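Residue numbers (this note's numbering), protein chains in the order written: chain P, 1 to 356; chain W, 357 to 468; chain C, 469 to 815.
Below is one structure, written out as structure tokens, with a few remarks after it.
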């Protein structure tokens with residue numbers, strides 16, 4: 001692998017990311033899957049870096065999940081997106097930062113559609129006005145939240161308490177980065193580093209001391225694929241894709257996986273349990289799995305937040321081996337205590353995948 | 357644990373792992389097999405093709421990709437009329453090819 | 469004869485045209501931007517269909533043009549029409565007034581970096597057709613790791629050709645035969661290697677090309693897989709993994725290789741664009757220079773006194789280029805004669 005070759009491509013795909021004043025569009029599913037990720041995005045940006053991020057309680061799903069699952073037409077998704085823009089306009093913001101990859105893809109696709117077909121935009125404006133008497137301005141900049149985290153990676157590195165380094169050996173941790181399909185595959189120039197060799201996550205890993213693994217199925221889908229999973233008859237295809245990725249990354253013995261999509265960390269995490277049940281195979285050391293984290297969770301660990309506050313107990317794959325490698329302290333007895341020490345109850349442990 | 361679904365098998369052919377033993381054996385007795393350019397004349401003219409999926413083109417490709425089971429199934433429908441032999445522009449003795457492959461399968465059968 | 473004829477480009481077309489013009493009694497001026505004559509022949513090793521050494525062809529062509537005026541390392545600063553002649557200023561300070569200009573600026577290979585999914589410049593063992601010719605010529609290339617011989621080699625046809633997204637809808641014409649030539653050459657060097665050609669169509673249009681293809685199949689056992697490579701990656705051993713569809717089988721296919729060769733296509737030389745805008749020469753829909761007529765008059769431009777030969781009007785083989793160069797020399801000769809009779813009549 002020739003690193004300079006990638007750098008050359010990265011220089012062709014840099015996007016402008018303003019430093020401050022963003023309107024935050026949350027994800028509809030991430031708050032259930034990885035509940036602390038969005039909270040810590042705000043904590044890091046606002047409290048630590050002092051940025052102005054507007055978190056508006058009136059916004060809804062962007063419609064992307066239904067659009068990609070074939071349950072609503074694009075016109076509906078456009079009306080929903082138009083309403084989000086109107087909230088942003090009302091709040092006085094011009095920069096939109098999107099938590100979810102499919103949302104980011106949805107916003108980008110809709111803006112590009114309007115650019116090419118202004119009559120569609122005019123129709124959506126009319127629909128929105130008729131439906132709820134709202135008007136909107138289009139955002140000047142659209143970034144995915146991982147773009148912003150990439151943008152601030154060196155500032156985060158400067159405040160890092162822990163590095164992506166194995167405490168015992170001093171070696172950088174081997175990190176698999178997985179980019180959500182809807183990030184840049186539709187519009188390569190909208191992603192940091194393009195679509196073939198994105199650097200949005202690998203840039204963070206490099207900056208925080210880890211070593212990125214480029215394995216043969218790196219570009220492959222995580223396996224979610226919307227209908228591949230949502231329709232039960234298709235789930236065999238969903239897990240087959242995930243299985244393919246794990247088989248491909250296994251020879252590199254990765255210490256962790258990081259992702260920038262709601263579905264990817266979920267499926268790369270949960271399917272490890274199912275693969276272990278079906279095939280008796282696990283991919284981490286000593287019968288554990290490979291922890292799959294969101295970029296906010298990774299940033300949170302690097303910055304020294306408590307792993308249980310970061311919601312890492314909600315992962316299927318045990319996170320403790322990673323914490324031990326990084327030297328992050330944790331209290332095992334508090335793993336399943338929620339807010340105000342409420343007992344979340346310890347889940348039943350799987351047969352083949354080692355967990356705590 | 358029964359999840360109600362399994363890991364779907366891959367339909368991808370991995371050329372690193374294909375079993376070319378039969379293809380190599382056939383090549384020895386019918387070297388012209390390598391000249392096939394997949395024009396499909398053989399299949400187009402085959403009286404068995406319409407009803408059974410028999411195709412000399414696919415038989416040759418199947419041998420090249422190690423798909424012995426599929427090859428065997430196709431060949432069981434051949435009536436050895438020889439029309440494919442007549443139309444092949446690359447002069448492959450398809451009849452000889454078919455008989456050679458069948459003979460190999462018979463030999464394997466006897467060994468069992 | 470005192471008429472100045474300027475030939476822009478000292479590759480196969482320029483050299484052959486210069487030789488023919490010398491034979492007709494002119495002293496043409498060759499302007500070559502690089503430090504040597506012979507163009508792409510200089511970078512190539514052997515030529516299809518008879519495996520003629522490219523150096524030998526280039527040498528023979530160069531020896532015949534010794535009496536021409538040759539400017540190496542020279543570029544055109546400006547070119548303008550003045551009455552019936554063209555005034556050319558070179559970067560060495562020399563100005564020329566000429567009656568005819570022959571454009572033989574040729575082609576350049578498609579920049580294989582642009583097909584990002586093939587990983588040229590990123591994966592350790594991905595090279596281009598030109599790189600492989602250089603290696604045949606004895607250039608050291610660490611991407612060709614043959615310490616233990618090569619066990620599997622792949623060729624990707626149509627890299628940047630027949631690719632509207634890459635901006636080139638045209639077939640580059642010579643890559644199919646070049647791929648088979650190079651596949652055979654690799655098989656000759658490494659008889660135990662598995663050699664794969666990934667093609668969309670095999671366009672074996674030229675003399676003896678189809679024989680080459682049959683030889684490749686039968687005598688060398690080259691595997692021809694009909695399917696365009698969709699994605700290349702690298703495994704933990706640094707080997708190249710190629711994915712394609714085996715379209716004749718309707719199944720995805722993948723293979724691990726020691727070396728992958730990208731058949732970079734032919735695109736119009738980027739220097740031609742500068743010349744075309746200076747002289748207001750139209751470009752055809754395929755991005756190459758537009759001839760007066762694509763059937764009867766491929767060697768004339770729509771502008772009086774400006775002629776074309778070789779790959780500046782589209783992908784060509786060496787023999788096609790040579791034939792066009794000869795035709796262009798004759799057309800220039802006829803142009804000068806008709807011009808002379810016209811001026812003597814008016815006197």
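Even for Gly, the Cβ is constructed at its ideal location relative to N, Cα and C.
Please read all numbers here as calculations on a predicted model, not as lab measurements.
Alpha helix (DSSP H) segment containing residue 418 of chain W, residue limits: 412-420 is the extent of the alpha helix (DSSP H) around residue 418 of chain W.
Is residue 122 of chain P buried or exposed, if buried means 16 or more other CB atoms sit within 10 Å of its CB? exposed
Please work out which residues of its chain come closer than 8 Å, Cβ to Cβ, to residue 611 of chain C, disregarding the five sequence neighbours upstream and downstream, and give them in chain order. 592, 593, 594, 595, 599, 727
Can you tell me whether residue 144 of chain P is helix, strand or coil according to DSSP? Secondary structure of residue 144 of chain P (DSSP, three-state): strand.
Compare the C-beta of residue 290 of chain P against all C-beta atoms of chain C and say whether one is closer than 8 Å. no
Residue 606 of chain C classed as buried or exposed, judged by whether at least 16 other C-beta atoms fall within 10 angstroms: exposed
Using a Cβ-Cβ cut-off of less than 8 Å, give me the residues of the stretch 418-439 of chain W that come near chain P, in sequence order. none
Evaluate residue 805 of chain C with the Cβ neighbour count: other Cβ atoms within 10 Å of its Cβ, from every protein chain shown; 16 or more gives buried, anything less gives exposed. exposed
Could you name the residues of the stretch 249-262 of chain P whose beta carbon sits closer than 7 Å to any beta carbon of chain C, in the order they occur along the chain? 251, 252
Excluding the 5 residues preceding and the 5 following residue 444 of chain W in the sequence, name in chain order all residues of the same chain whose CB lies nearer than 7 Å to its CB. 397, 398, 450
Could you give the distance in angstroms between the alpha-carbon of residue 344 of chain P and the alpha-carbon of residue 337 of chain P? 6 Å
Is residue 525 of chain C helix, strand or coil by DSSP? Residue 525 of chain C: helix per DSSP, three-state reduction.
What is the DSSP secondary structure of residue 173 of chain P, counted as helix, strand or coil? coil
Reducing DSSP to helix, strand and coil, say where residue 604 of chain C ends up. helix
Within 8 Å (strictly less), CB to CB, does residue 399 of chain W reach chain C? No, because no Cβ of chain C sits closer than 8 Å to the Cβ of residue 399 of chain W.
At 4 residues or longer, and completely inside the stretch 570-644 of chain C: list those alpha helix (DSSP H) runs for me, N to C. 597-604
Give the interface partners of residue 720 of chain C over in chain W, defined as CB-CB distance under 9 Å, in chain order. 366, 367, 368, 369
Which residues in chain W have a C-beta closer than 8 Å to the C-beta of residue 240 of chain P? List them in chain order. 363, 364, 365, 366
Determine which residues of the stretch 698-729 of chain C have a Cβ less than 7 Å from any Cβ of chain W, and write them out in chain order. In summary, the residues of the stretch 698-729 of chain C whose CB is separated from some CB of chain W by less than 7 Å are 714, 716, 717, 719, 720, 721, 722, 723, 724, in the order they occur in the chain.
Who are the Cβ neighbours of residue 407 of chain P in its own chain at under 7 Å, not counting the five residues just before and after it? Since the first residue of chain P shown is 1 and the last is 356, residue 407 of chain P is not available in this structure.
Under 8 Å between C-beta atoms of residue 437 of chain W and residue 403 of chain W: yes
Using a Cβ cut-off of 8 Å, which residues of the stretch 262-283 of chain P contact any Cβ in chain W, in chain order? Cβ contacts with chain W come from 274, 275, 277, 278, 279.
Sort C:676, C:474, C:693 by Cα distance to residue 565 of chain C and report the nearest one. Among C:676, C:474, C:693, the Cα nearest to that of residue 565 of chain C belongs to C:474.
Go ahead and pull the three-state DSSP assignment for residue 735 of chain C. strand
If you measure from the beta carbon of residue 235 of chain P to each beta carbon in chain W, is any gap under 8 Å? Yes, because at least one Cβ of chain W sits closer than 8 Å to the Cβ of residue 235 of chain P.
Between the C-alpha atoms of residue 317 of chain P and residue 145 of chain P, what's the straight-line distance to the nearest angstrom? A direct Cα-to-Cα measurement between residue 317 of chain P and residue 145 of chain P gives close to 24 Å.
May I have the straight-line CA-CA distance separating residue 14 of chain P from residue 700 of chain C, to the nearest angstrom? 23 Å
Short check: CB of residue 505 of chain C to CB of residue 797 of chain C, under 8 Å? Their beta carbons are not under 8 Å apart, which means residue 505 of chain C does not touch residue 797 of chain C by this criterion.
Taking the beta strand (DSSP E) that residue 181 of chain P belongs to, which residues open and close that run? Element bounds for residue 181 of chain P: not the beta strand (DSSP E) but the alpha helix (DSSP H), 181-184.
Which of helix, strand or coil does DSSP assign to residue 485 of chain C? helix
What are the residues in the stretch 208-238 of chain P lying within 8 Å of chain B by C-beta distance? Protein chains in the displayed structure are P, W and C, and chain B is not among them.
How big is the Cα-Cα spacing for residue 761 of chain C and residue 752 of chain C? 11 Å
Mapping the DSSP letters down to three states, classify residue 43 of chain P as helix, strand or coil. Of the three classes helix, strand and coil, the one that applies to residue 43 of chain P here is helix, per DSSP.
Which value, in whole angstroms, describes the spacing of the CA atoms of residue 10 of chain P and residue 158 of chain P? Those two C-alpha atoms are separated by around 23 Å.
Please list the partners that residue 80 of chain P has in chain C, where partner means a Cβ-to-Cβ separation under 8 Å. Within chain C, no residue comes near residue 80 of chain P; the closest Cβ sits about 31 Å away, beyond 8 Å.
Taking 8 Å as the CB-CB cut-off, is residue 396 of chain W touching chain P? no
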